[in-house]
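Reviewing the structure listed below.
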Amino acid sequence: MQCGSAGLQRDESMRIYCGTLFLFAMWFPWTTRFDQKNLKGIFPCNALFNNLDHLLWRAHEGGDSEKALASFPWIVWFIWKARNEKVFEGKDIMPLDTLQQAMAETEAWTVAQIVAEALDETQKNNPPILPNQNVIYPRCQVDASWVYETNLFGGGLVMELEADSRVTGSFANPQVLSPLHAEFHI
């Protein structure tokens, strides 16, 4: 049995791609967002590649809504997921459920992009407040390195005497009980 005009052999694993009721039930509610007077007999149809051709190229040329087209990748992804669940787990997922999941994911993704753009714009308009640049000298910073079941622990320091004057040092001492003890011994 042939699948529409696509020329693919129909088998159980590909049934949702080949113009079957599942696929038509997926496309039909979504396609109502497009200008139907221009699509009579063109989209959706029972030929997979004609549908893909329309959605990937011709819909943009025809001036269809960007908002409607934005959900297309999500719908394809959720059709693929439904197919995998059918093939590998034996689950039957209703077409309307698949479409609703895809549309919800489209909306979530769109909102996330708007929020990200707003955050970027906010950061451009409000540069971060820098910490107080008045450093009091001399300033000393220390840290310890402690590893369980070793013979030694290490430590290091940086002593800033002035803006351009810095002294550094490091050491190793016999192991202590805990990292807190190592910090205390510095």
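Residue numbering for the sequence shown follows my numbering, beginning at 1300 and increasing consecutively. Each residue gets a CB set at the ideal place from its N, CA and C atoms; glycine is no exception.
For a test of the three-state rule: what should DSSP assign to residue i, helix, strand or coil?
i	result
ASP1442	strand
LEU1476	coil
ARG1465	strand
MET1393	coil
MET1300	Any answer about MET1300 is weak, because its pLDDT of 33 lies below 50 and its placement is not dependable; what the coordinates show is given next. The answer is coil: DSSP assigns MET1300 none of H, G, I, E or B.
VAL1414	helix
ALA1403	helix
GLU1448	coil
VAL1346	The sequence as given places Ala at residue 1346; Val does not occur at that position. ALA1346 falls in the coil class under three-state DSSP.
GLU1365	helix
Excluding the five sequence neighbours on either side, which residues of its own chain have a C-beta within less than 7 angstroms of the C-beta of residue i, listed in chain order?
i	result
THR1397	MET1325, PHE1377, ILE1378, ALA1381
LEU1451	ALA1471, ASN1472, PRO1473, GLN1474
HIS1484	ASN1472, VAL1475
Thinking C-alpha only, which one of the options is nearest residue i?
i	options	result
SER1370	THR1409, ASN1383, CYS1439, TRP1445	THR1409
LEU1395	GLU1388, GLY1389, ALA1403	ALA1403
HIS1480	GLU1461, SER1469, GLY1453, SER1464	GLY1453
GLY1290	SER1477, ILE1374, PRO1437, ASP1442	Residue 1290 lies beyond the range of the chain shown here (1300 to 1485); nothing can be said about it.
LEU1456	VAL1466, GLU1448, TRP1445	VAL1466
SER1477	GLU1448, SER1464, MET1458	GLU1448
Please go through the same chain and pick out, in chain order, the residues whose beta-carbon is closer than 6 angstroms to the beta-carbon of residue i, but skip the five residues on each side of it.
i	result
ALA1411	none
Counting along the chain, where does the alpha helix (DSSP H) carrying residue i start and finish?
i	result
TRP1373	1371-1388
With a threshold of 7 angstroms (Cβ to nearest heavy atom), would residue i be considered close to the ligand MG?
i	result
PRO1478	Here there are no bound small molecules, and the ligand MG is not part of this structure.
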